[in-house]
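Protein chains in written order, with the working numbering: chain A, 22 to 414; chain S, 22 to 414; chain E, 22 to 414; chain C, 22 to 414. A short worksheet on the structure shown next.
There are 4 protein chains.
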Amino acid sequence: MSAIPDIARPSGGLREHYRRVRERSLALTGELSPEDCAIQSMPDASPVKWHLAHTTWFFETMILASRPGYHVFDPRFAYLFNSYYEALGPRHPRPQRGMLTRPSLDEVMAYRAHVDAAMEKAIAADGEALQQTLILGLHHEEQHQELILTDIKHAFFANPLLPAYSRDASPSAGATELAWRGHPGGLVEIGHQGAHFAFDNETPRHVVMLRPFRIASRPVSNGEYLEFIADGGFRRPEFWLSDGWAKAQAEGWEAPLYWLSDNDGSRSVFTLSGARALDRHAPVEHVSFFEAAAFAAWAGKRLPTEFEWEAASRDFAFGQVWEWTRSSYDPYPGFKPFSGAAAEYNGKFMVGQLVLRGGSIASPPGHVRSTYRNFFPASARWQFSGIRLAEDA
Amino acid sequence: MSAIPDIARPSGGLREHYRRVRERSLALTGELSPEDCAIQSMPDASPVKWHLAHTTWFFETMILASRPGYHVFDPRFAYLFNSYYEALGPRHPRPQRGMLTRPSLDEVMAYRAHVDAAMEKAIAADGEALQQTLILGLHHEEQHQELILTDIKHAFFANPLLPAYSRDASPSAGATELAWRGHPGGLVEIGHQGAHFAFDNETPRHVVMLRPFRIASRPVSNGEYLEFIADGGFRRPEFWLSDGWAKAQAEGWEAPLYWLSDNDGSRSVFTLSGARALDRHAPVEHVSFFEAAAFAAWAGKRLPTEFEWEAASRDFAFGQVWEWTRSSYDPYPGFKPFSGAAAEYNGKFMVGQLVLRGGSIASPPGHVRSTYRNFFPASARWQFSGIRLAEDA
Amino acid sequence: MSAIPDIARPSGGLREHYRRVRERSLALTGELSPEDCAIQSMPDASPVKWHLAHTTWFFETMILASRPGYHVFDPRFAYLFNSYYEALGPRHPRPQRGMLTRPSLDEVMAYRAHVDAAMEKAIAADGEALQQTLILGLHHEEQHQELILTDIKHAFFANPLLPAYSRDASPSAGATELAWRGHPGGLVEIGHQGAHFAFDNETPRHVVMLRPFRIASRPVSNGEYLEFIADGGFRRPEFWLSDGWAKAQAEGWEAPLYWLSDNDGSRSVFTLSGARALDRHAPVEHVSFFEAAAFAAWAGKRLPTEFEWEAASRDFAFGQVWEWTRSSYDPYPGFKPFSGAAAEYNGKFMVGQLVLRGGSIASPPGHVRSTYRNFFPASARWQFSGIRLAEDA
Amino acid sequence: MSAIPDIARPSGGLREHYRRVRERSLALTGELSPEDCAIQSMPDASPVKWHLAHTTWFFETMILASRPGYHVFDPRFAYLFNSYYEALGPRHPRPQRGMLTRPSLDEVMAYRAHVDAAMEKAIAADGEALQQTLILGLHHEEQHQELILTDIKHAFFANPLLPAYSRDASPSAGATELAWRGHPGGLVEIGHQGAHFAFDNETPRHVVMLRPFRIASRPVSNGEYLEFIADGGFRRPEFWLSDGWAKAQAEGWEAPLYWLSDNDGSRSVFTLSGARALDRHAPVEHVSFFEAAAFAAWAGKRLPTEFEWEAASRDFAFGQVWEWTRSSYDPYPGFKPFSGAAAEYNGKFMVGQLVLRGGSIASPPGHVRSTYRNFFPASARWQFSGIRLAEDA
């Protein structure tokens, strides 16, 4: 997969854009049972049904609620499906999202239809005025589309039957030689600028000073990660950050999440298509930052900073796995959050997490762009997260 | 509701008995959605679907598995639906039962039908030989019928929408004067004896020496419990056992479970029919042993021992709420557990719990008998548990 | 060691009795450093210094505080050294007792001297009137003398240096044949009666109906417990109560507390005299109720009830280890707690614990009597607790 | 207090430098009792005695152990007093440091004397060769001198008696007007370079691009922080980072650590000199990063980045409180850890923490320098940590 251009506003107008994104959510969840959609396998994950309702709540709250004549579908949903917006009032506790057997999946679908109908009218009447918030809502829904996949994968892994989300398996990747791309360093411009949509955390564009470095042409593969494991990578503290070592010991990590131990020594992994043989040529995924950094230390390399990654991103392909960077998720200089209720979208999470760049096979089209800043805690493993190496020149 | 005679073997033969019990489980769950049936609201509770499958697994494992020609429905179910039988191999961890979106409710229903068909054949062929285990299996399923109700009530209470399990509400009870029934004490026979079914923990029948005592003619009412609360019952440690006081402080208890705080000072409670006005004449329910004992201390009385309760049980009506006794759940002298795999049924839980006697509105007919020993930890509140007072004569 | 007669009131009068008990506390702690006396190794244990102060606080609060002319040593000590008496006001939280570097050990010694001087005056003036509370205070202090030993042993075990509390080691015991003592059952009188001191939980004396049984002439030995371990006792759930098995797995139990794993296969144990070779003939100690019950099940026997134990106690020697019984710690019929603030002494702990009978090498003289009811949770291991077997006749 | 120049190597030679630092540790702890020195009030803090021994272990392990003829004081200390050096073998678990009543304080003092004597010989023989490691050891000990003060303060605060560490109280500060110092931004050099000692995390010196900004001439005062509290600062989520708000709610924060609630509305705080009236003109201290960032948001300002802080540091005085920056603790570009066992000194902690700059009243002379990078988790409050504001120009 090669780098995808920044196309945030597809052809066909706002209404078509709205429809396409909303329908994609349904397409992703169409094969799941009501029970599948109701489950929450850990506090960090959410039920599929909740994702479907929350993304709908976003449009209802941010756009429809203030429009004359709009009839709120169910006033209690403001409490149930608010994620974390303190300014919008109290909300159902996150770890309890799996308790919501009601409203049923059918009712959530009716909620979606109700809001979609009202949104289409609103777009017809005031498309221009709503455009900015509406586009944010669509990117928001697309972010949740990726979470639907990561969360259902985690949920299915909690079931000893290891159900498959989909029957399609990725074709096996061929071996690719790893090459090193040099970058001369110096002053580079970092961050988003221009007419296309970007999240507030990608701005403002600003100048960063870099030293010369080299960056790998492709992510670390499963086969390479197997070498790390075989060399005692999970038993040798010298490669690990202190908190990472403690976490790995406490949780008994011996391999990336979803790797299955086989009795006969061959490896298989749990995928969205169920258990499959490990593809040694595919990028390693479902590693935490700690496991990424330990691998890099073992390999005598390091992770790139997010600035190095962005500056060099035209020189390599990305979009198969999110790539952990060696950058903590701090605000860019001069950062200003979105205005209004959306101010809580990104800014209040800017501490204690690490930046990931790139995008994954679960990312919606358009989200894979060079300025996108994904972020997760250093111990998170349930995202499609992998490793790209770098080194000083 | 008056005391129900010990009828364990209804008319109509084994096949009719089997059908009647199995159909009652379906009747209890017929209005629930697949999502409702999949949820687990705390580690002590189980999903409805799990109850439906586990009771089926019991027949399959204890009766069918060893019969020639029986085809196991799904060999993986032995792992998924074993509750706690160590002798029968490893099992899915209890706190993870809510993760089982698969098998679906439909598949569990098919599992029930498959086992029912095989059981009917087995009954026809070998009814006499199977009778003992089969009757145990039916009483086992009936116990889970009560748990289906207690667990779905707990699950629905976790939902801010407070859904109703049923539209029928109990009619309001009339006021009943509390009278004291005297018992002369002396040597009494305690425990089950005879042809009717009883669990192993009700045996052997044995002689216990009692001192004279008096016991209340009816359980403590909601109105009486309100007086305790109004008199500072939840804020005065002098009435509480030490562990009970600690628990009440740690969890912020201010009233029985499911009591709702109303802004205007009137009380309502969450019931299987949703939120309802508190019926002051109905027995208080959903109190822990700690709250029962504290009430008794406040009232200047005490809880009866399980021996007093049983000895005097013909002198009062029971069956509306389980009644906490002042007896720890210890084995009767000479206790012998069931044989075979069923040995784990009761015996291994005989420490750290308290005995409850009587039966509740959620108890199946036939379970409300004077020798039945129910048991729960002192802090348990989600059962239909109430209070009957006693005092020394 | 043979059974010790019930002598609660030694010769020499109250003053001598008071002195003897108080001095014994100092004798037990004289070799400990201020640091040793300040440490709290787990929430269930208390620092030695706290024991020394708390027993003093008991006399000050229960006797001196209300006497005209008594000058309270430090009014803040009422908060610091109250253990659990809710009626006597708020108190320093139990798990924080190890935070009290101040008052220093020297100050606590001065506190003891101050109270002792006032107590001697009080005894001289009002000995008769004070006698009952004073005797309770002395038995209370003696109970804490045993806890001083159990708690310092636990604290020293938390130190990788495994310090010795004392240089004296118990002489190795000789082998003793185990014999079975029969008891015909029937009506027996249980509980304390008479002029000698007893705690409220030993009363009232009452009649209990027993079935015929046999009881072992001596406790289970280390050598016998080794056989249980060698036969997979800690790996076979069929011997264990359900909660016991869960606890053993969660905490990784493989042997009694304080048993050390030796590389060469020989066993040593941590004792008050440091690490020592295991004495196969000595009674096994530092087992929980769970481990005692599992051993009994493995041996095809059971634990005696506390009533069997007491009824048969004249037929065997006891006092080396506390002996777990198969009786939950429930109140005796007609139980009345001590009056006044001492009402909280025992009664409020009467749930969720098991009764131990006998007494240990750490028990003060006079505490080893046939009616004494010690009690601890089923998982407690840091007391000198062992096993005596019984069986139905 | 004004900025202190970078003097790492005092006059008088290595021996005098060694003596001066080692004696300062004793001077800081001379008034503490053995009990005071043994206590550990939370897992993040260590006993004073442990600090005294660990700093000694550092010299013994890093310098003396490999020298011919050196006799290790006690081989078990390598296990007891290793802090976190995985390469140097297993170690006593950090949360258990308070269990070490043995070795006694006296023994630790003898250990210090033993190592000091050997070190003086080593310095005399090989001063030049040892200089680099020795200087590191001295700076290491000085870091622990600050921790001795923060940890004993925390420990004393856990005691309801609120003991004083010292009788000297800081004189009340006068009011100081806050001024804003402008900085033009552009390329600045960050990090240590030169002959003076610095920790590895201060290097390498590198170029950073800054935007124009302004920075406050002094830290935020207690009086200013009181205004934040009075304006609902601890009850208004809009000022808080998401994790900070969750932490503040979970722990019930209502003011900085050590602030005492007074009944009459006047404020006092716990200090090293015991409880004192709050000095409104003194810098606020013992705030977490979360509380610092919330204050800045309330004030309409922000925290400076560590690069802004360092670039502007000549324009203001610092050294009274550690100042939280808005920079996560990431490695500098081209960072190389110390060599050998000291590689674990800083590098392995470079994730999940925030950088503090400046220095506090508890910091040893010489540690207050413009390139020093202190670091703690965002929720840490027990350090002398305060707030300096910044804003975009």
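We put the CB at the ideal spot given by N, CA and C, even for glycine.
Residue-level contact to chain A via CB, residue i, 8 Å cutoff
i               : result
F370 of chain C : yes
A99 of chain C  : no
D413 of chain C : yes
S417 of chain S : The structure shown does not extend to residue 417 of chain S, since chain S is modelled only from 22 to 414, so the question has no answer here.
D172 of chain S : no
Interface flag, residue i vs chain C, CB-CB below 8 Å
i               : result
E344 of chain A : no
D336 of chain A : no
R232 of chain A : yes
I60 of chain E  : yes
A176 of chain E : yes
I28 of chain E  : Residue placement at I28 of chain E cannot be trusted, given a pLDDT of 38 that sits under 50; the coordinates are not used to answer.
Assigned secondary structure, residue i (DSSP; H/G/I helix, E/B strand, else coil)
i               : result
A196 of chain E : coil
F339 of chain C : coil
H135 of chain S : helix
S348 of chain E : strand
L47 of chain E  : helix
A411 of chain A : strand
M230 of chain C : strand
H290 of chain S : First, the residue type needs correcting, since residue 290 of chain S is Val and not His in the sequence shown. V290 of chain S: strand per DSSP, three-state reduction.
S406 of chain E : strand
W419 of chain C : Since the first and last residues shown for chain C are 22 and 414, residue 419 of chain C lies out of range.
G244 of chain S : helix
Beta-carbon neighbours of residue i, restricted to chain E and to distances below 8 Å
i               : result
Y105 of chain S : S263
Cβ of residue i within 8 Å of any chain E Cβ
i               : result
L410 of chain S : no
G373 of chain S : yes
E327 of chain S : no
L278 of chain C : no
Chain S contact for residue i (CB, 8 Å cutoff)
i               : result
R256 of chain E : no
E259 of chain E : yes
H227 of chain E : yes
A108 of chain E : yes
Neighbouring residues, chain C, relative to residue i (Cβ below 8 Å)
i               : result
A179 of chain E : Q117, M120
Chain S contact residues for residue i, given Cβ-Cβ distances below 8 Å
i               : result
P385 of chain A : By Cβ distance, chain S contributes nothing, its closest Cβ being about 25 Å from P385 of chain A, past 8 Å.
Proximal chain S residues relative to residue i, where beta-carbon distance stays under 7 Å
i               : result
A399 of chain E : V372, G373
Neighbouring residues, chain S, relative to residue i (Cβ below 9 Å)
i               : result
P184 of chain A : T122, R123
Under 7 Å from the C-beta of residue i: neighbouring residues of chain A
i               : result
E128 of chain S : Correct list: empty, because the minimum Cβ distance to chain A is about 10 Å.
Contact list for residue i against chain C, beta-carbon separation under 7 Å
i               : result
H113 of chain E : P181
P55 of chain E  : S54, P55, E56
Proximal residues, the stretch 339 to 364 of chain S versus chain E, C-beta separation under 8 Å: R347, S348, S349, Y350, D351, P352, P354, G355
If contact means a Cβ-Cβ distance below 8 Å, which residues of the stretch 203 to 229 of chain C contact chain B? Given the protein chain composition of this structure (A, S, E and C), no chain B is represented.
So within the stretch 48 to 102 of chain C, which uninterrupted beta strand (DSSP E) runs reach at least 3 residues, ignoring any that extend past its ends? none
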